[in-house]
Amino acid sequence: MVRSALIHLGVGFVIGGLMLAHKAVFIHPAVPTLLGWHIHALFFGWTIQFAFGVAYWIFPRLTSWGFRHPRGRPGFAWTAFILVNLGFMLAGPGALAAGPPARTAGALAELLAIVAFGLHLQPRLRPPLPRVGPADGRP
Amino acid sequence: MRASFLRPSGRFFITFSCWAASPSSFSGLRGGCSPPLSRERPRGNEAAGWAGFVLLNAGMLLRAVAEPALALEPRPWARVLLILSAAALVLAGWVFAGLLWPRVKPRPGKEG
Numbered sequence: 012m013v014r015s016a017l018i019h020l021g022v023g024f025v026i027g028g029l030m031l032a033h034k035a036v037f038i039h040p041a042v043p044t045l046l047g048w049h050i051h052a053l054f055f056g057w058t059i060q061f062a063f064g065v066a067y068w069i070f071p072r073l074t075s076w077g078f079r080h081p082r083g084r085p086g087f088a089w090t091a092f093i094l095v096n097l098g099f100m101l102a103g104p105g106a107l108a109a110g111p112p113a114r115t116a117g118a119l120a121e122l123l124a125i126v127a128f129g130l131h132l133q134p135r136l137r138p139p140l141p142r143v144g145p146a147d148g149r150p
Numbered sequence: 028m029r030a031s032f033l034r035p036s037g038r039f040f041i042t043f044s045c046w047a048a049s050p051s052s053f054s055g056l057r058g059g060c061s062p063p064l065s066r067e068r069p070r071g072n073e074a075a076g077w078a079g080f081v082l083l084n085a086g087m088l089l090r091a092v093a094e095p096a097l098a099l100e101p102r103p104w105a106r107v108l109l110i111l112s113a114a115a116l117v118l119a120g121w122v123f124a125g126l127l128w129p130r131v132k133p134r135p136g137k138e139g
């Protein structure tokens, strides 16, 4: 997730740079229409997905709470990962080709990604259990 | 007069980008929060990290000067500054991503 977010960061910065340079010298008439792609790349692709990746990593693990997987329900996290990237593809490059319906579908997929990641994270919103072991903290 | 930089979207862009360019978020995320790269060089190439930080801030400053100047009166020097700003920002983004990329890995012994 974090590496995917970094790719979106690189793509978003290139598009932003292109739009900024277009203000100085004319590049192509389609360049200003890249604004939606730029916004979705940097807000959903980079910022939101980076937050997902970091949250997936740092929230308390659930092994001690009876969950089979240490991160609880990873299926929802994978769903969020797929939805946020699908949403970006629809709302960014997809909207350039297919217009507003693709943008709406993409935004919906991005919203569903947030819901899915919330469902993944919900059981992990608890304090970590104290470790059982010697007083020096070693297990 | 094309004062697009004064519109709410322009103000949002400047605020958001300046936050992103701030030392706490840029070098903080890259330098402090991510897993260390190695014992010898925990933060990778620190010179490149500082170069990215300078490029990002320089790009934003150049943009803050050139974009209003270009909107008020199109002058060649403003165009050059705006292109330099765009190049600096793109380069900064790629430096940041390139430095963070190898550090996205599990900490030893913390798998799972």
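For the record, the sequence lines run as chains A and B. Taking our numbering, the leading residue of the first sequence gets 12, the next gets one more, and so forth. Taking our numbering, the leading residue of the second sequence gets 28, the next gets one more, and so forth. Heads up, the beta-carbon is just placed ideally off N, CA and C, and yes, glycines get one too. Here the structure is a predicted model, which means the values were calculated and not measured.
| Check | Outcome |
| --- | --- |
| Environment of B:P50 [buried if 16+ CB atoms lie within 10 Å] | For B:P50, the predicted model reports a pLDDT of 48, less than 50, meaning its position is unreliable and no value from the coordinates is stated. |
| First and last residue of the uninterrupted alpha helix (DSSP H) at B:N6 | Since the first residue of chain B shown is 28 and the last is 139, residue 6 of chain B is not available in this structure. |
| At least three beta-carbon pairs within less than 8 Å, the stretch 123-130 of chain B to the stretch 69-87 of chain B | yes |
| Interface positions of the stretch 36-60 of chain A facing chain B (Cβ-Cβ less than 8 Å), listed along the chain | V36 |
| Chain-ordered residues of the stretch 16-29 of chain A with a beta carbon less than 7 Å from chain B | L17, L20, G21, F24, V25, G27 and G28 |
| Three-state class that DSSP yields for A:A41 in the structure shown | coil |
| CA-to-CA distance, B:P133 to A:L46, given in whole angstroms | 35 Å |
| Test: B:S51 CB closer than 7 Å to a CB of chain A | For B:S51, the predicted structure reports a pLDDT of 47, less than 50, and the residue's modelled location is therefore unreliable. A value from the coordinates is still provided. Not an interface residue. |
| Chain A residues whose Cβ lies nearer than 8 Å to that of B:A96 | Under the 8 Å cutoff, chain A gives no residues; its nearest Cβ is about 11 Å from B:A96. |
| 8 Å Cβ shell around A:V42 - same chain, five flanking residues per side excluded | L29, M30 and H33 |
| Residue-level contact to chain B via CB, A:R14, 7 Å cutoff | yes |
| Per-residue contacts from B:W121 into chain A (C-beta, under 9 Å) | L20, G21, F24 and V25 |
| Within chain A, partners of B:A113 - CB distance below 7 Å | G28, L31 and A32 |
| Test: B:R106 CB closer than 7 Å to a CB of chain A | yes |
| Span of the alpha helix (DSSP H) around A:P111 | P111 to L132 |
| Per-residue contacts from B:R90 into chain A (C-beta, under 9 Å) | L31 |
| Contact with chain A by B:A160, beta-carbon distance below 7 Å | This structure leaves residue 160 of chain B out entirely; chain B is present only between 28 and 139. |
| CA nearest to the CA of A:H49, picked from A:R79, A:P104, A:I59 and A:L132 | A:P104 |
| Close-in-space but distant-in-sequence residues of the same chain around A:F87 (CB under 6 Å, 5 per side omitted) | A127, L130 and H131 |
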